[in-house]
Each structure stands twice: as C-alpha cells, then as structure tokens.
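To keep things clear, I will list the structure first and then write my remarks on it.
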Amino acid sequence: MKLKTAFLFLLGLALAASAAAKSIELLNVSYDPTRELYVDYNKAFATYWKAKTGDDVTVKQSHGGSGKQARGVIDGLQADVVTLALAADVDALYDVAKLIPQDWQKRLPNNSTPYTSTIVFLVRKGNPKGIKDWDDIVKPGISIVTPNPKTSGGARWNYLAAWAYAKHKQGSDDAAKAFVTALYKNVPVLDSGARGATTTFVQREIGDVAITWENEAFLAIKEFGADKFEIVVPSLSILAEPPVSVVDKVVKKHGTEAVAKAYLEYLYSPEGQDIAGRNFYRPRDATAAAKYAAVFPQLQLVTIDADFGGWTKAQKTHFADGGVFDQITTK
Amino acid sequence: MNHSFARQLTPALAALVSLSALAPRLPAAESDDLQLLREQIHALEQKLLVLERKQEIKDEAAAAAAPTTPKITITDKGFTLASGDNANSIKLRGLVQLDNRLFFNDGGIVNNSLVLRRVRVISEGTFAKNYSFQFVPEFGGGSATAASAFTVLDANLGVTISPELQFKFGKFKSPVGLELIQSDSWTFFNERSLVTNLVPNRDVGAQASGDVLGGLVNYTAGVFGGVADGANSTNADFDNEKDVVGRVFATPFKNSAGSPLQGLSFGVSGSLGREKTASGRTAGYKTDGQQTFFSYAATTIADGQSWRVSPQFDYRNGSFGLLGEYVLSTVNVRPSLTGVKAELQNKAWQLAAGYVLTGENSSFTGVTPATNFDYANGTWGAFEVTARYSDLKIDNAAFPLYASVSTNADEATSYGLGLNWYLSKTVAFKFDLYQTKFGFAPGAPAISTTQLLRQDEKSFITRFQLSF
Numbered sequence: 000m001k002l003k004t005a006f007l008f009l010l011g012l013a014l015a016a017s018a019a020a021k022s023i024e025l026l027n028v029s030y031d032p033t034r035e036l037y038v039d040y041n042k043a044f045a046t047y048w049k050a051k052t053g054d055d056v057t058v059k060q061s062h063g064g065s066g067k068q069a070r071g072v073i074d075g076l077q078a079d080v081v082t083l084a085l086a087a088d089v090d091a092l093y094d095v096a097k098l099i100p101q102d103w104q105k106r107l108p109n110n111s112t113p114y115t116s117t118i119v120f121l122v123r124k125g126n127p128k129g130i131k132d133w134d135d136i137v138k139p140g141i142s143i144v145t146p147n148p149k150t151s152g153g154a155r156w157n158y159l160a161a162w163a164y165a166k167h168k169q170g171s172d173d174a175a176k177a178f179v180t181a182l183y184k185n186v187p188v189l190d191s192g193a194r195g196a197t198t199t200f201v202q203r204e205i206g207d208v209a210i211t212w213e214n215e216a217f218l219a220i221k222e223f224g225a226d227k228f229e230i231v232v233p234s235l236s237i238l239a240e241p242p243v244s245v246v247d248k249v250v251k252k253h254g255t256e257a258v259a260k261a262y263l264e265y266l267y268s269p270e271g272q273d274i275a276g277r278n279f280y281r282p283r284d285a286t287a288a289a290k291y292a293a294v295f296p297q298l299q300l301v302t303i304d305a306d307f308g309g310w311t312k313a314q315k316t317h318f319a320d321g322g323v324f325d326q327i328t329t330k
Numbered sequence: 000m001n002h003s004f005a006r007q008l009t010p011a012l013a014a015l016v017s018l019s020a021l022a023p024r025l026p027a028a029e030s031d032d033l034q035l036l037r038e039q040i041h042a043l044e045q046k047l048l049v050l051e052r053k054q055e056i057k058d059e060a061a062a063a064a065a066p067t068t069p070k071i072t073i074t075d076k077g078f079t080l081a082s083g084d085n086a087n088s089i090k091l092r093g094l095v096q097l098d099n100r101l102f103f104n105d106g107g108i109v110n111n112s113l114v115l116r117r118v119r120v121i122s123e124g125t126f127a128k129n130y131s132f133q134f135v136p137e138f139g140g141g142s143a144t145a146a147s148a149f150t151v152l153d154a155n156l157g158v159t160i161s162p163e164l165q166f167k168f169g170k171f172k173s174p175v176g177l178e179l180i181q182s183d184s185w186t187f188f189n190e191r192s193l194v195t196n197l198v199p200n201r202d203v204g205a206q207a208s209g210d211v212l213g214g215l216v217n218y219t220a221g222v223f224g225g226v227a228d229g230a231n232s233t234n235a236d237f238d239n240e241k242d243v244v245g246r247v248f249a250t251p252f253k254n255s256a257g258s259p260l261q262g263l264s265f266g267v268s269g270s271l272g273r274e275k276t277a278s279g280r281t282a283g284y285k286t287d288g289q290q291t292f293f294s295y296a297a298t299t300i301a302d303g304q305s306w307r308v309s310p311q312f313d314y315r316n317g318s319f320g321l322l323g324e325y326v327l328s329t330v331n332v333r334p335s336l337t338g339v340k341a342e343l344q345n346k347a348w349q350l351a352a353g354y355v356l357t358g359e360n361s362s363f364t365g366v367t368p369a370t371n372f373d374y375a376n377g378t379w380g381a382f383e384v385t386a387r388y389s390d391l392k393i394d395n396a397a398f399p400l401y402a403s404v405s406t407n408a409d410e411a412t413s414y415g416l417g418l419n420w421y422l423s424k425t426v427a428f429k430f431d432l433y434q435t436k437f438g439f440a441p442g443a444p445a446i447s448t449t450q451l452l453r454q455d456e457k458s459f460i461t462r463f464q465l466s467f
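Line by line, the protein sequences give chains U and Y.
Residues in the first sequence are numbered consecutively from 0, following numbering that gives the first Met the number 0.
Residues in the second sequence are numbered consecutively from 0, following numbering that gives the first Met the number 0.
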C-alpha cells in the first residue's frame, strides 16, 4: 500500500513537472532591415504565446544580408525560422541542404509572404540633385548607394526594379542591361546588406541617392529626421515579397516545431499585420492595409513572376556566378 | 570604424568653402571658379569618405569571416592548425631527450652509455570543440618497456561534457603517481624518483575527470586493464581482471591571491583490482641510473587482490617548488602457479625541490625563461637547482620465496642534486648527480651476487632536451 502511495505521489510530481511552464527559445534568421520589425513583433508574440500556452518564448534575432544569412543557415546556423528578403534565398535551404521541403512556399498564405514592400529612393533634404525617377540616377556624376546583389536580397530587388523600369521604358533586355550597367558605374561602394548601405548613405554621408527598401527609407527618416532626408518614389518599382519559413530540420531537432509554426502564422494575425504596417511594411490584410494606406504611396509595381519568370529564373540569369550582374561589374 | 581622417579634413574643406563664399562681389568668372572649387572639394570629400567606407566594410567582413578563417599557429608549444572558431584543431608537438649516463666507482661494470631516452612525435587535436585525441608513438631506445622497439605510448580519445565532467578512453597515464602524471619534460630530475617504480604507468582503460567546487578540486575515476608496478600496458589487457583507479587533488587556496599557500595542492590517489597472471610479475624496480636493483623471480606470478594508495602534494611559491609523494603498493603473489600465496607490501616515498635561480616561477608544467639564451645579446635563459631524496622498501616477506635474496636489494635510498639550464622553453640541458644506497634483506650474502649492488650507485646523467 505504501509502495502504491509513493508511486502515485511520484507520478503526480512527474505530471506536475511536465505541466509546468516551459521556457522556449527560437532563433529567427532574417535579413538586414527587419531588426525593428521583429523586436516589436517578438514581444507581441511572446505575450500571445504565454496567454495561449503558459510557456515563455524568447526569440533571438540574427540579421545580415539575406543571401549571406541563407548561407549561414545552410552552413549550420541553427535557425528555427527564416524571414528573408526573397524566395530564392529560402529556396537555397532546400536546394543546397534540404533543410525545408521543396513546396515550403505553399504552407502559408500569399506564398508565405506576410507583408510586402517596394524599392524607393532616399535622397538628401531638398533633393539637391533633382532626382525624380530612375533616369535621373544613371546620369554621370550621380553617386548611388546600393548594396551588393551577391549578398543582399534588397540589392537584388533594387537591381530588378531598375531593370524592369528600363525594359518597360525602352522595350528590350539589351537596353535594360545597358541601363543597369550605367547605374552600377555610379555606385562607389557596395555594402553587403541593406542596413550597411543605409549607414553608408545616412551616417557616412556618401552618395546622392540610396536605392533602398521602402521600409528602410521610412525608418531612416523616422530615426534621423525629415529635415535631413526625403523619399522619392519612382514611376515604376517592384513588388518585393519577403518570405518566411520554418526550418523543418532544425525545429525537429530543437523540438520547437509547434511554436515556430505559430510564430510565423501569427504574422498574418491582425496584430501581426498591424505591427508590420507600423514598421513600414505593407500589410497583406485588408484592414491593416487600409489603416496604413496613407503612409504608402501608390505606384506602378511589377512582379518577379510576371516580369522575370520567378525567382529561380531571375537568380540564375542575373545573380548566379557568370550572370548578368557579374558581366556588367567585371571589367 | 575609423573615418576620422575625412572628419578631420571636412572642417578644413568647409572653412575653405566658407572663405570663398565670403569673398565680396567677385566677377562672374571668378564666381564660377569658386563654384567649381566647391564642387571639386565636395567630390574629393566624397572620394575620401568612399575610401574610408570601403576599408570599413573590408574590416567588418574580415571580422565576420574571422570565425571561419583557419589559423596556423607556430609557437614554442608546437604547430597548430585550427579552425577560425577553434572548435577543430590539430597540434603537432615533439620531444627528444638525449642522455649521457656516467657511472662512478661501479666495480668495473661498464654501464656508461649514450641513450636516446625519448623520441616522440606527439599529435593532438580537437574536433567539434568537445572531442579530442592524442597519439604519442615512442621511438626512443631508452624506454622502460621497449628497449629499442617502436611503441604506442598514448592513443586516446577525450569527450568533454563540461569542465566538471570529461571522459577519456584509450591508452594513457594511469592517475596514481603524482610525478608520473607530470610531463616527462618538466620533472625536476632527468629520471623520476624510486616512487615511480610502484605506480602503474600507461594503461588501457576509461576514466572520468573534472574540476569541481569552482576548480578547487580535481577528481579522476577510471577503470583500467591493470598493469604491474611501473609497467606500461602492452595495448592489451594484462589479465582478465580490472583495476579501479581514483584520485582527488585539491588546490584549496588557488584563489587566495598573495597567500603563501596559494600554490599548495594535495590529494590522494589509489588503485584497487585483482590480478592473475601466468607469467612474471614485473620487469623490476630501477635506480635513478635506470639499473635494476630488484625483480621478482621469473616464476613468480600475481594472483589475487592488489591495491595502491598514494598521498601526494605539490607546492609552488615563486621560484620555489616542492613535490612529495608516498606510495604503498600491495600485491598477492605466488612463487609458481601452485605455490603458496603471500601478500606483499612495498613502500616508497620521495621529496623533491627546485629553485629557479634566475627568478622565473617554478611550475608543475615547466619553467618558462624570461629570456632565451642568446650569446650575442648576453641573455642566458633560466637556471634551476634541484634536490631530491627518495626511498623504496621491498617487503621482506618477498624473500626468498618470491625473489632471490642474494641477487636483489630490499631497499634503495637515493639522493639527487641537479642543475637545469633552460635555454628556452623548448631547449634545455639538465645535469643530475645521483647516489643510491642499497639495503639487503636478512639472509642476504655479505657480498651481493649482483655486481652493481656491491657498492652505492653513483651516476651523473646529462640530458639534452628538445620539447615543444
């Protein structure tokens, strides 16, 4: 009888211990300009998750050029989730290391892109060089700041937006190639990521114009003052769709599959969408999009699928070794 | 990052522009020139900023790449190839000891010799931060276990769980003797004391060890195949039985900076096992001059429990070092497979001291000269004087059934004086003078039948050592 009582007591203890709140840690490996977004979002998600499950979740962040970050995950960086700048970088997790399934993009709405952005120009206050559109920045004597497309997702969006503009205006790939060739001749320094490029333009005071994420441009003005910089919206740009994915092999190893999945799903929630809008990312959700509609200018946006045949093709054509970018920058 | 040059230059350039702006009512041509000048200054400033930013980016990239850039290190501790994050490394070290042994008043025995005592190429490494290996082949001709043949001295794998718990598997030094676990390069004397005759040398097994209580106490516990006193494992188990070996060693004042006791360490080690052999018990106990003064009869075998206990201490205070240990070794033996069993207890102890004359610190891990010997620059390295007393007493019950009373001594008492000259951390000359007196069991002949036991052993051993 005593043995039975002791057994039941121990069993009770074990159940109580297993029912106690857990402390969970996730690593979100993201691209350069999302630092502030995910600081906000992680707090909100931790509160949500605690209320839902009683568990404490801490999300660590890692930021850098999107391509570089993807390489890091492939090389062993233990990311539970990735929130990168473009689908090609997430594709690489499948292509190179089989860390995620091939159809990863189908797992969440909008091809796993919970928010969008676009590419705009950031110029110095008063726009001393009179920059209004893409044609103005390829003129001789204009100094452009944009990061390296080999390492930065944002830089690839910048490049493709310029390409799309030229092709729409002049009608051929050759003209577009000549256009981006002229553009990169005006780039004195290539940072590895978007945040580094912002530093170059804003803090190091290099260049007349920075081609940058819309959210990064808004953030620069918020941080450094509207009296120093202004945003120029070109006549045409590209719809940038930064995707997110759970890194399946890692979450299985860490036992964080459920919380990692919930972490990304919550980005689509009203609160997640509101946080995106608040941090200058264009929300997918209609309510949040309406709330922030006044913030985001309307402009003609091309898409990666329609104009470039998707990321796989665009990556191979333009940014792979020996691709167009290498051709125009290798002398 | 540094972009100070541009920052310093900018005010000067701005002042220049301002001065030019203040110039009153300039003709149109001159005004154009000033505008041109402003533009040129701006362009120059931008170029400068770009150059500095490029360097900044380069530095950041180098810093980010540092953890993945392999490193090659060549120091007086060997050659190391390591991954950028040091998680993986391979180290190559070496040890060469060339001894000249001179014996005085040795009754006509010609034992003087030149010996390559140790020749080792030591490879060590770490993989994935927590897994290590060590491989030490011995090519030296003076090895106690192999007169001239190549032997594998150490071959082991380490697994680090935490500083408190580490595992080692393979062949390595059994953690009983304090002087024995000290590196061959850094003992006070060329040859270890008589005490080392009674402790196991390298053995095959597994052990757990770690630093606990904030690093004040080190423990080791292991299971080994078991070897006879002073013996090395032949890479296979000595018999079907196993030895359990343990050691606890404390440095309680380690964190008491300024205390004279800060360098005091002490502890106790021991082994317990059973042995049953079909052949001889041991190759014999040796003097400081590496001559055998006692060995069991060839037919004597081990049969039964054996255990050892060894209280030990080490003390370092500035240039002064002191090491002491006592060993009691108990073994059950039979004179033959069917003979009468007896439990024998052999005992030994030593006290050894060193003082570094040139002021460097004495250390269990060797003296590091403040300056290397460099005749041209007038620097001489480090000099250390050493002294030692040691004694080994054989259980008299060993005679005459298990060992010959006429060919063996039952006690050896040794005095040693030495001078070590460390030309650098890697190169040293060591000069040791030993005198060993012998005692004999009751019933021994007045004059030993073993010639070398008829007088004290007086030896002078000079060593050239290369150790890195």
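All residues carry an ideal CB built from backbone N, CA and C; glycine is no exception.
Which of helix, strand or coil DSSP assigns to residue i
{"i": "Phe463(Y)", "result": "strand"}
{"i": "Asn109(U)", "result": "helix"}
{"i": "Val323(U)", "result": "helix"}
{"i": "Asn376(Y)", "result": "helix"}
{"i": "Val267(Y)", "result": "strand"}
{"i": "Pro32(U)", "result": "helix"}
{"i": "Val175(Y)", "result": "coil"}
{"i": "Lys253(Y)", "result": "coil"}
{"i": "Thr337(Y)", "result": "coil"}
{"i": "Ser232(Y)", "result": "coil"}
{"i": "Ile141(U)", "result": "coil"}
{"i": "Pro310(Y)", "result": "strand"}
{"i": "Gly195(U)", "result": "helix"}
Alpha-carbon spacing of residue i relative to residue j, whole angstroms
{"i": "Ala292(U)", "j": "Ile73(U)", "result": "37 Å"}
{"i": "Phe217(U)", "j": "Ile327(U)", "result": "30 Å"}
{"i": "Glu256(U)", "j": "Asp284(U)", "result": "25 Å"}
{"i": "Thr125(Y)", "j": "Thr357(Y)", "result": "36 Å"}
{"i": "Asn316(Y)", "j": "Asn111(Y)", "result": "37 Å"}
{"i": "Thr337(Y)", "j": "Thr276(Y)", "result": "12 Å"}
{"i": "Gly224(U)", "j": "Gly157(Y)", "result": "58 Å"}
{"i": "Asp320(U)", "j": "Val135(Y)", "result": "46 Å"}
{"i": "Ala65(Y)", "j": "Ile23(U)", "result": "30 Å"}
{"i": "Arg100(Y)", "j": "Ser82(Y)", "result": "44 Å"}
{"i": "Leu343(Y)", "j": "Ala301(Y)", "result": "11 Å"}
{"i": "Lys167(Y)", "j": "Lys340(Y)", "result": "35 Å"}
{"i": "Phe149(Y)", "j": "Phe363(Y)", "result": "28 Å"}
{"i": "Met0(Y)", "j": "Asn217(Y)", "result": "Reliability of the predicted coordinates at Met0(Y) is poor, the pLDDT of 39 falling under 50, and no value is obtained from them."}
{"i": "Gly266(Y)", "j": "Lys392(Y)", "result": "22 Å"}
Start and end residues, alpha helix (DSSP H) containing residue i
{"i": "Thr412(Y)", "result": "First-last for Thr412(Y): Glu410 to Tyr421, but that is the beta strand (DSSP E), not the alpha helix (DSSP H)."}
{"i": "Thr150(U)", "result": "Thr150(U) -> no alpha helix (DSSP H), and no H or E assigned at all."}
{"i": "Gly271(U)", "result": "Pro269 to Arg277"}
{"i": "Ser30(Y)", "result": "Ala27 to Ala64"}
Residue i - containing beta strand (DSSP E), residue span
{"i": "Pro441(Y)", "result": "Looking at the DSSP string, Pro441(Y) is not in any beta strand (DSSP E), and its letter there is neither H nor E."}
{"i": "Gln331(U)", "result": "The requested residue 331(U) is not part of the displayed model; chain U covers only 0 to 330."}
{"i": "Ile118(U)", "result": "Ile118 to Arg123"}
Beta-carbon spacing of residue i, residue j below 8 Å
{"i": "Leu197(Y)", "j": "Gly229(Y)", "result": "yes"}
{"i": "Val203(Y)", "j": "Asn239(Y)", "result": "no"}
{"i": "Phe293(Y)", "j": "Ala408(Y)", "result": "yes"}
{"i": "Ala193(U)", "j": "Pro32(U)", "result": "yes"}
{"i": "Val243(U)", "j": "Ser65(U)", "result": "no"}
{"i": "Ile205(U)", "j": "Val49(Y)", "result": "yes"}
{"i": "Val244(Y)", "j": "Gly221(Y)", "result": "yes"}
{"i": "Asn185(U)", "j": "Ile141(U)", "result": "yes"}
{"i": "Ala175(U)", "j": "Ala160(U)", "result": "no"}
Contact between the region 165-183 of chain Y and the region 370-378 of chain Y (3+ Cβ pairs under 8 Å): Proximity of the region 165-183 of chain Y to the region 370-378 of chain Y falls short of the contact definition, fewer than three beta-carbon pairs being nearer than 8 Å.
Inter-stretch contact (C-beta, 8 Å, three-pair minimum) for the region 446-460 of chain Y and the region 390-398 of chain Y: Output reads no: the region 390-398 of chain Y does not touch the region 446-460 of chain Y.
Validate contact between the region 344-358 of chain Y and the region 316-327 of chain Y using beta carbons, cut 8 Å, 3 pairs: Yes, the region 344-358 of chain Y touches the region 316-327 of chain Y.
The region 105-121 of chain U touching the region 208-217 of chain U, judged by at least three CB pairs closer than 8 Å: Under the Cβ criterion (8 Å, minimum of three pairs), the region 105-121 of chain U counts as touching the region 208-217 of chain U.
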